[in-house]
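Engineer: Right, I'll just put the structure down here and ask away after.
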Amino acid sequence: MAIVFQPTEGLTKKPLHYCPGCNHGIIHRIIAETLVEMGLLDDAIGVASVGCTYNSYEYFSCDFVQAAHGRAPAVATGIKRTHKDKVVFTYQGDGDLASIGTAEIIHAAARGEKICAFFVNNAVYGMTSGQMAPTTLLGQVTTTSPFGRDASYQGYPINVSELISNLTGAVYVERVCVTDYKNIMNAKKAIRKAFECQLSGKGFAFVEFLSTCPTNWGKEPVEAMDWLKEKMIPQYPLGCFKGADVDFTKADENEEVKS
Amino acid sequence: MAQKRVLMKGNEVIAEAALRAGCRNYFGYPITPQTEVMHYMAKKMVQIGGNFVQAESEVSAINMVYGAAAAGARVLTSSSSPGISLKQEGISYIAGAELPAVVVNIVRAGPGLGGIQPAQGDYFQATKGGGHGDYRNIVIAPASVQELYELTVEAFNLADKYRMLVMILGDGTLGQMMEPVAFRDVEPIEVYDKPWACTGRGDRKEHNTITSIYIDPDTLEVKNRELQDKYALVTANEVRYEAFGLEDAEIVITAFSTCSRISKNVIRQAAELGIKVGMIRPITLWPFPSQIISETAAKSNVKAFLDVELNAGQMVEDVRLAVNGQKPVYFHGRMGGNLPTQKEILDKIIEIHNGGNN
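Protein chains in written order, with our numbering: chain A, 64 to 322; chain B, 39 to 396.
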């Protein structure tokens, strides 16, 4: 009988601890699959952050370093500068990357660090039980915005991809979601392109994944997917903000002339 | 043949020592009075193909150190007091993940933004923790530019040997002063295998992970005990100090780094007055040389201790613990970036000699 689906060797056999309907499982899987498909698993070093994915190093089967809250891009900088021939990526949530770690992500991008940052935005702090995140939508109820996020009181959501794309050092920036087959395949393409960008040595690559948090949103898994599409995408439009036309697998003409 | 000596500034010697110890990674952020370490690295590290990154903050710099150490590299950062406070988060993580790294603190006066003149007010922070959790760093206090060279090289070896953070605790005087230094040969560089490092899985069957999180209390307690066992080993093996004049000393000065140098001159002056003064100079502030202090306190010729520091009295607490009530322990300290004069210390010695008051 033909095998049509099987575990990827990019992930360990440890069962995931994520809540039902959470998108981390899908995102883990497509990153791991991409590493395997590109033959990068033995050369990859991941950096885990603080939040629900603090122990993602137990799920990925490549080398992994666990970082302090928000500091993953700095840790990845130290790793990549040490091993320039390896592929280094961070995996961070919205509290980690867009709140406590804003300095680290902005400056890693500005320096054009040859790393990939995978940013999972579910508009809420998951691990610490549903507090308001920098990416929480206006009107969204959380445990620390119990009356709904009020712009006059709690300010506005941060569109991180748009922000990062303004930095010259960031050469590939895309926002995706994983709500259905088509979007999952598109997200996987973005992951591949981010790794290709890193291998090209051109600069910093950033992929934002819109993601669900049924537990802290107080929604059923399917309902959460619908909420993401209806509420999150209008605030966080999908698409490539930078590097859409660049094929990172091809050396550009200038480089060819030089060599 | 006499070793060739060159005149160099303390901070630059730290950087040169790191390069000679095989360190090829420096991450830092500017702050007075340690900036020359950074300037030296910005040029030399790049010239020899190493990594120099001026980070966006001290917080980022120490986390770059964490990353490079996790990747198996010898790595250095340097800063001064307010910057070292910012690094404490990363220092705790480095201790938890058992990573080798060298951190230089060229101490300035505090608290807060304080001043930029020399001080030793970070003794508590350096030796008692600084960051959160039960951990220790090896803390080394050089007293001359020559020692800055030799002890910085040694710091890298100790860091790798024990998978620990080693802090060089200097002060503005030591960092800024110029003295002749002989770059005695440290070859061959001690090389330690790092099979635990995250280098990419390569041919390894299992992937490596570097982490400091252990959610299960029993697992974490086992880890805690392992760390404590390691610290006990370091305490047994790595205590360093300089002692002299203890055989007939009436008064024993305890002082480290800059204060020990001022005090040494006072000892000669006291001898001219017929007062025998000895000295114990801790070179490792952690592990602390408690045993020699305790044994010295038991000697019949020793009547009292005088601890001299550039703070309100920090190391003196460890001296008192070691003396354990056997003899009185007096203290003289200056703060704010001021240094004690030899006369101040001599007056204190005469006062103690004449019956003293605490």
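Quick reminder that beta carbons are idealized off the backbone N, C-alpha and C, glycines included.
Could you give the distance in angstroms between the alpha-carbon of residue 306 of chain A and the alpha-carbon of residue 51 of chain B?
Structural biologist: Numbered from its first residue, the first sequence carries residue 306 of chain A at position 243. Numbered from its first residue, the second sequence carries residue 51 of chain B at position 13. C-alpha separation (whole angstroms): 45 Å.
Engineer: Would you call the CB atoms of residue 137 of chain A and residue 167 of chain A closer than 8 Å?
Structural biologist: Here residue 137 of chain A refers to the residue found at position 74 of the first sequence. Here residue 167 of chain A refers to the residue found at position 104 of the first sequence. Result yes, Cβ atoms of residue 137 of chain A and residue 167 of chain A sit closer than 8 Å.
Engineer: Specify the secondary structure class of residue 207 of chain B as computed by DSSP and reduced to three states.
Structural biologist: Locating residue 207 of chain B in the second sequence gives position 169, where the first residue counts as 1. Residue 207 of chain B: strand per DSSP, three-state reduction.
Engineer: For the candidate residues A:287, A:268, A:247, A:290, whose alpha-carbon lies nearest to that of residue 96 of chain A?
Structural biologist: Sequence index remark: in the first sequence, residue 96 of chain A carries index 33 (1-based). Selected option, being the one with the closest Cα: A:247.
Engineer: How about the region 58-66 of chain B and the region 91-101 of chain B: do they share at least three Cβ pairs that are nearer than 8 Å?
Structural biologist: With a cut-off of 8 Å, the region 91-101 of chain B and the region 58-66 of chain B count as touching, because enough Cβ pairs lie within range.
Engineer: CB-CB under 7 Å to residue 370 of chain B, same chain, minus the five flanking residues each way: which ones, in chain order?
Structural biologist: On the second sequence, position 332 is the one that residue 370 of chain B refers to. So the qualifying residues of the chain are 344, 346, 378, 382, 383, 386.
Engineer: Do the region 291-304 of chain A and the region 183-192 of chain B touch if we need at least three Cβ pairs shorter than 8 Å?
Structural biologist: The region 291-304 of chain A, when compared against the region 183-192 of chain B, does not touch it at the 8 Å Cβ threshold.
Engineer: Between residue 154 of chain B and the rest of its own chain, which residues show a CB-CB distance below 6 Å, the 5 nearest in sequence each way excluded?
Structural biologist: For the purposes of this step, residue 154 of chain B is taken as the residue at position 116 of the second sequence. Excluding positions up to five away in sequence, the list reads 70, 71, 146.
Engineer: How would you list, in chain order, the residues of chain B whose beta-carbon sits under 7 Å from the beta-carbon of residue 184 of chain A?
Structural biologist: Locating residue 184 of chain A in the first sequence gives position 121, where the first residue counts as 1. None at all; the shortest Cβ gap to chain B is about 22 Å.
Engineer: Roughly how many angstroms separate the alpha carbons of residue 143 of chain A and residue 274 of chain B, rounded to a whole number?
Structural biologist: Translated into the one-based positions of the first sequence, residue 143 of chain A becomes position 80. Translated into the one-based positions of the second sequence, residue 274 of chain B becomes position 236. Taking the straight line joining both Cα atoms gives about 37 Å.
Engineer: Within 8 Å (strictly less), CB to CB, does residue 229 of chain B reach chain A?
Structural biologist: Here residue 229 of chain B refers to the residue found at position 191 when the second sequence is read from its first residue. By this cut-off, residue 229 of chain B is not an interface position.
Engineer: Between the Cα of residue 279 of chain B and those of B:248, B:118, B:331, spot the shortest distance and give me the residue it belongs to.
Structural biologist: Here residue 279 of chain B corresponds to residue number 241 of the second sequence, with the count starting at 1. Ranking B:248, B:118, B:331 by Cα distance to residue 279 of chain B puts B:331 first.
Engineer: Could you please give me the residues that DSSP links to residue 108 of chain A through a beta bridge?
Structural biologist: Your numbering for residue 108 of chain A matches position 45 in the first sequence. DSSP lists A:126, A:151 as partners of residue 108 of chain A.
Engineer: Could you tell me how far apart the beta carbons of residue 130 of chain A and residue 111 of chain A are, in whole angstroms, since I believe they sit closer than 8 Å?
Structural biologist: Translated into positions along the first sequence, residue 130 of chain A becomes position 67. Translated into positions along the first sequence, residue 111 of chain A becomes position 48. The Cβ separation is near 7 Å, so the contact holds.
Engineer: So, for residue 319 of chain A: in the same chain, excluding its five sequence neighbours on each side, which residues have a beta-carbon less than 6 Å away from its beta-carbon?
Structural biologist: For the purposes of this step, residue 319 of chain A is identified with residue 256 of the first sequence, where counting begins at 1. Note on residue 319 of chain A: pLDDT 47, under 50, position unreliable in the model; the coordinate value appears next. If we look at residue 319 of chain A and ignore the five residues flanking it on each side, it has no Cβ neighbours.
Engineer: Run through the DSSP bridge pairs and tell me what residue 87 of chain A is partnered with.
Structural biologist: If you number the first sequence from 1, residue 87 of chain A lands on position 24. None; residue 87 of chain A has no bridge partner.
Engineer: How do the region 246-256 of chain B and the region 155-166 of chain B stand: do at least 3 beta-carbon pairs fall below 8 Å, yes or no?
Structural biologist: Touching, no, given that fewer than three Cβ pairs across the two stretches are closer than 8 Å.
Engineer: Looking at the secondary structure, which residues open and close the beta strand (DSSP E) in which residue 94 of chain B lies?
Structural biologist: Within the second sequence, numbered from 1, the residue matching residue 94 of chain B stands at position 56. Segment: none, residue 94 of chain B is in no beta strand (DSSP E) and carries neither H nor E.
Engineer: Looking at residue 88 of chain B and residue 146 of chain A, is the spacing between their C-beta atoms short of 8 Å?
Structural biologist: Start at 1 with the first residue of the first sequence, and residue 146 of chain A comes out as number 83. Start at 1 with the first residue of the second sequence, and residue 88 of chain B comes out as number 50. In this structure, residue 88 of chain B does not lie closer than 8 Å to residue 146 of chain A by Cβ.
Engineer: Between the beta-carbon of residue 60 of chain B and the beta-carbon of residue 227 of chain B, is there less than 8 Å?
Structural biologist: Taking the second sequence and counting its residues from 1, the one referred to as residue 60 of chain B is at position 22. Taking the second sequence and counting its residues from 1, the one referred to as residue 227 of chain B is at position 189. A contact, by the Cβ cut-off of 8 Å.
Engineer: Please list, in chain order, the chain B residues whose beta carbon lies closer than 9 Å to that of residue 80 of chain A.
Structural biologist: Stepping through the first sequence from its first residue, residue 80 of chain A is reached at position 17. Within 9 Å Cβ-Cβ: nothing; residue 80 of chain A doesn't reach chain B, min ~10 Å.
Engineer: For residue 103 of chain B, count neighbouring Cβ atoms within 10 angstroms of its own Cβ and tell me buried if that reaches 16, exposed if not.
Structural biologist: Indexing the second sequence from 1 puts residue 103 of chain B at position 65. Per the 10 Å Cβ criterion, buried.
Engineer: In angstroms with no decimal places, state the Cα-to-Cα distance between residue 173 of chain A and residue 271 of chain A.
Structural biologist: One-based indexing of the first sequence puts residue 173 of chain A at position 110. One-based indexing of the first sequence puts residue 271 of chain A at position 208. Residue 173 of chain A and residue 271 of chain A: Cα-Cα distance of roughly 17 Å.
Engineer: So that I know if they touch, is there some Cβ in chain B lying closer than 8 Å to that of residue 129 of chain A?
Structural biologist: Position 66 of the first sequence, counted from the start, is the residue given in the question as residue 129 of chain A. Cβ-Cβ to chain B under 8 Å: yes for residue 129 of chain A.
Engineer: Spatial neighbours of residue 25 of chain B within its chain, please: C-beta separation below 8 Å, excluding the five flanking residues on both sides.
Structural biologist: In this structure chain B extends from 39 to 396, so residue 25 of chain B is not present and cannot be described.
Engineer: If you count every other CB in all the chains shown that lies within 10 Å of the CB of residue 312 of chain A, and 16 or more means buried, which is it?
Structural biologist: Position 249 of the first sequence holds residue 312 of chain A. With fewer than 16 Cβ atoms within 10 Å of its Cβ, residue 312 of chain A is classed as exposed.
Engineer: Could you give the distance in angstroms between the alpha-carbon of residue 310 of chain B and the alpha-carbon of residue 339 of chain B?
Structural biologist: Counting from 1 along the second sequence, the entry for residue 310 of chain B is found at position 272. Counting from 1 along the second sequence, the entry for residue 339 of chain B is found at position 301. Their Cα atoms are separated by approximately 19 Å.
Engineer: Classify residue 75 of chain B as buried or exposed, calling it buried when 16 or more other Cβ atoms lie within 10 Å of its own Cβ.
Structural biologist: Numbered from its first residue, the second sequence carries residue 75 of chain B at position 37. Label assigned to residue 75 of chain B: buried.
Engineer: Can at least three beta-carbon pairs, one atom from the region 321-328 of chain B and one from the region 173-190 of chain B, be found at a separation below 8 Å?
Structural biologist: Verdict: yes, contact present.
Engineer: Residues of chain B with CB under 9 Å from residue 92 of chain A, in chain order?
Structural biologist: In the first sequence, residue 92 of chain A corresponds to position 29, counting from 1. Here the premise fails: no neighbours, minimum Cβ distance about 17 Å.
Engineer: Any residues in the region 147-169 of chain A with a beta carbon nearer than 7 Å to a beta carbon of chain B? Which ones, in chain order?
Structural biologist: Cβ contacts with chain B come from 149, 166, 167.
Engineer: Counting C-beta neighbours from all protein chains within 10 Å, is the total for residue 206 of chain A 16 or more, i.e. buried, or is it exposed?
Structural biologist: Taking the first sequence and counting its residues from 1, the one referred to as residue 206 of chain A is at position 143. Result: exposed.
Engineer: Looking only at its own chain, which residues have a Cβ that is under 6 Å from the Cβ of residue 164 of chain A, when we skip the five neighbours before and after it?
Structural biologist: Here residue 164 of chain A refers to the residue found at position 101 when the first sequence is read from its first residue. Closer than 6 Å at Cβ, skipping near neighbours: 133.
Engineer: Out of A:71, A:67, A:155, A:260, point me to the one whose CA is closest to residue 274 of chain A's CA.
Structural biologist: Position 211 of the first sequence, counted from the start, is the residue given in the question as residue 274 of chain A. Ranking the options by Cα distance to residue 274 of chain A, first place goes to A:155.
Engineer: Give the interface partners of residue 98 of chain B over in chain A, defined as CB-CB distance under 9 Å, in chain order.
Structural biologist: Residue 98 of chain B sits at position 60 when you count from the first residue of the second sequence. What residue 98 of chain B touches in chain A: 134, 136, 137, 140, 166, 167, 170, 171.
Engineer: Residue 254 of chain A touches chain B at which residues, Cβ-Cβ below 8 Å?
Structural biologist: Counted from its first residue, the first sequence places residue 254 of chain A at position 191. Simply none; closest approach about 18 Å.
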